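Worksheet for the structure shown next.
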Amino acid sequence: MSNPYSEVQLEAMLADLESELVERKESLRKAPPGKDGPIERIRQAVCAFANDLPGHGRPGVVFVGARDDGTPSGIPITDRLLQRLADIRSDGHTLPPPVMSVSKRTLAGSEIAVVTVHPSDAPPVRARGQVWIRVGSRRAIAAAQDERILNERRRHRDAPFDARPVSGATLAHIDVRRFEEEYLPRAFDPELLAANDRTTEERLAATRMIASVDDPVPTVVGMLVFGRRPQDFIPGAYIQFLRMGGTEFPGPVLDEARCTGPVSTQLEQLVGKLDSHNRTAVDITSGPIEKRRSTHSAAALRQIAYNAVMHRTYEATNAPIRVTWYDNRVEILSPGGAYGVVTAENFGQPGAADYRNPSLAESMRVLGIVQRFGVGIGIARTALRQNAQPEPFFDVQPNWVRCVVRARPQDG
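Going by this note's numbering, the sequence shown opens with residue 25, and the numbers climb by one from there.
See the structure below:
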């Protein structure tokens with residue numbers, strides 16, 4: 025993503041006073057005990073710029089390597105520093121992931137790291153569970169009225185499909201008790217939950233599980249994550265598992281399952297099937313310590329399945345995710361092709377990540393299904409290498425993505 029500001033504009037912003045669009049940080053040195061470190065303060069600034077409460081509609085900029093008066097501090101702008109800044113987008117603590125870029129620029133005669141943050145299409149954005157906003161030249165935690173404004177702004181934009189209300193659904197169709205007991209304690213700091221007196225509807229709206237307090241209709245993500253029978257409203261939102269005999273389709277069906285319910289339940293059912301068909305060989309002759317190798321890396325199959333659930337399209341299709349286990353491979357077919365900045369050419373490559381379902385991605389991270397965004401395929405590749413399996417093969421088409429995971433050579 026190119027920087028929307030020219031060098032002249034950036035130098036003017038650097039020299040001017042801090043404002044609702046500009047923040048400076050002298051370095052990334054450690055903070056005194058009990059205070060937020062510089063990365064956390066930058067994360068809060070990124071969150072505030074992404075929320076754009078004043079409604080500027082323009083990107084905000086964090087200059088790292090600049091003093092309060094705008095003069096360069098002269099710190100080295102290393103690849104490590106730039107990577108730490110870029111990780112703010114994908115480490116799972118800023119949700120939904122902000123649209124931002126990080127670059128090294130020469131401004132006022134010195135190298136400075138420039139973090140450019142675009143206003144979010146789906147506010148409010150949260151940093152470690154808190155909504156940060158810009159009030160003049162300072163950051164602040166949003167009040168309830170501020171959040172209401174951000175929620176209303178989101179509703180009037182073209183929301184992603186997973187944030188849209190589900191026609192015909194009511195609060196009775198989602199498991200509100202599970203949301204309160206399992207999701208809220210993970211999504212927000214316990215002290216923060218205890219300190220506010222918001223209603224359940226306000227909390228459901230803040231996490232995008234319903235459209236709004238005034239219109240408490242479950243959203244697509246609300247149904248996918250907490251729906252009692254989500255397939256009644258989103259028919260293709262399930263996983264079809266088949267264990268085929270042989271190496272070709274069609275063949276004898278040895279086992280099958282239709283994994284339904286909310287996404288966490290679907291994945292639990294699928295993982296159970298995958299584990300039940302995975303053979304483990306024990307080698308006790310090649311060394312003093314026994315070695316265990318499975319036909320397939322369980323970790324790799326799980327990561328690819330999680331990725332399929334997170335990134336598939338749920339719109340305008342009744343097709344499920346299809347997981348087919350053959351004697352020599354496992355194939356995972358996911359509805360929906362590449363999305364956004366991800367293309368058939370860069371699919372699965374480090375740094376190539378976009379989110380067709382940003383609210384679902386956020387929910388899966390909160391529930392612990394995924395730990396960090398944009399790294400699932402990388403984790404799968406590493407697990408396959410460790411299990412002596414070939415690289416996964418991805419066939420990316422306009423309407424679907426097929427992943428082929430081949431078994432260890434000696435097993436198939």
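Even for Gly, the Cβ is constructed at its ideal location relative to N, Cα and C. These figures come from a predicted structure and were not determined experimentally.
Give a yes or no on whether the C-beta atoms belonging to residue 143 and residue 379 are separated by under 8 Å. Residue mapping note: residue 143 aligns to position 119 of the sequence shown, counting from 1. Residue mapping note: residue 379 aligns to position 355 of the sequence shown, counting from 1. No, the Cβ-Cβ distance between residue 143 and residue 379 is not below 8 Å.
Would you list the one or two residues that DSSP bridges to residue 297? Stepping through the sequence shown from its first residue, residue 297 is reached at position 273. The beta-bridge partner set that DSSP reports for residue 297 is empty.
With a threshold of 16 other CB atoms inside 10 Å of the CB of residue 288, please say whether the residue is buried or exposed. Start at 1 with the first residue of the sequence shown, and residue 288 comes out as number 264. Taking every protein chain shown into account, the CB of residue 288 has 16 or more other CB atoms within 10 angstroms, so this residue is buried.
Three-state class that DSSP yields for residue 281 in the structure shown: Within the sequence shown, residue 281 is the residue found at index 257, counting from 1. In the structure shown, residue 281 sits in a strand (DSSP, three-state: E or B).
By the three-class DSSP mapping on this structure, what secondary structure does residue 266 have? Counting from 1 along the sequence shown, the entry for residue 266 is found at position 242. Look at residue 266 here: in three-state DSSP terms it is strand.
In whole angstroms, what separates the C-alpha of residue 211 from that of residue 225? For the purposes of this step, residue 211 is taken as the residue at position 187 of the sequence shown. For the purposes of this step, residue 225 is taken as the residue at position 201 of the sequence shown. Roughly 16 Å separates the two Cα atoms.
Which of the three DSSP states is assigned to residue 325 in this structure? In the sequence shown, counting from the first residue as 1, residue 325 sits at position 301. Reduced to three states, the DSSP call for residue 325 is helix.
Which of the three DSSP states is assigned to residue 308 in this structure? Counted from its first residue, the sequence shown places residue 308 at position 284. With a pLDDT of only 49 at residue 308, under 50, the local geometry of the prediction cannot be trusted, and the value read off the model is given with reservation. In the structure shown, residue 308 sits in coil (DSSP, three-state: anything other than H, G, I, E or B).
How many angstroms separate the CA atom of residue 371 from the CA atom of residue 400? One-based indexing of the sequence shown puts residue 371 at position 347. One-based indexing of the sequence shown puts residue 400 at position 376. The straight-line gap from Cα to Cα measures roughly 12 Å.
Could you spell out the range, first to last residue, of the alpha helix (DSSP H) harbouring residue 113? As a working note, residue 113 is residue 89 in the sequence shown. Where residue 113 is concerned, the enclosing alpha helix (DSSP H) starts and stops at 103-114.
In its own chain, which residues sit with a C-beta less than 6 Å from the C-beta of residue 42, not counting the 5 before and 5 after it? As a first step, residue 42 is located in the sequence shown; it is residue number 18 there, counting from the start. 161, listed in sequence order.
Contact check, residue 389 vs residue 411, beta carbons under 8 Å: As a working mapping, residue 389 is identified with position 365 in the sequence shown. As a working mapping, residue 411 is identified with position 387 in the sequence shown. At the C-beta level, residue 389 and residue 411 stay beyond 8 Å of one another.
Where residue 131 falls: helix, strand or coil (DSSP): Residue 131 sits at position 107 when you count from the first residue of the sequence shown. In the structure shown, residue 131 sits in a strand (DSSP, three-state: E or B).
Contiguous beta strand (DSSP E) assignments of at least 3 residues, all confined to the segment 356-424: DSSP runs (the beta strand (DSSP E)) wholly in the segment 356-424: 417-420.
Look at residue 359 and residue 260 and say whether their C-beta atoms are less than 8 Å apart. In the sequence shown, the residue the question calls residue 359 occupies position 335. In the sequence shown, the residue the question calls residue 260 occupies position 236. Yes, the Cβ-Cβ distance between residue 359 and residue 260 is below 8 Å.
Roughly how many whole angstroms lie between the Cα atoms of residue 45 and residue 394? As a first step, residue 45 must be located in the sequence shown, where it is residue number 21. As a first step, residue 394 must be located in the sequence shown, where it is residue number 370. C-alpha separation (whole angstroms): 32 Å.
Tell me, please, which residues DSSP counts as bridged to residue 119. Residue mapping note: residue 119 aligns to position 95 of the sequence shown, counting from 1. DSSP lists 150 as the beta-bridge partner residues of residue 119.
Using DSSP bridges, identify the partner residues of residue 164. In the sequence shown, the residue the question calls residue 164 occupies position 140. In the DSSP assignment, the residues bridged to residue 164 are 157.
Quick check: the segment 98-110 against the segment 169-189, are at least 3 beta-carbon pairs closer than 8 Å? Output reads no: the segment 98-110 does not touch the segment 169-189.
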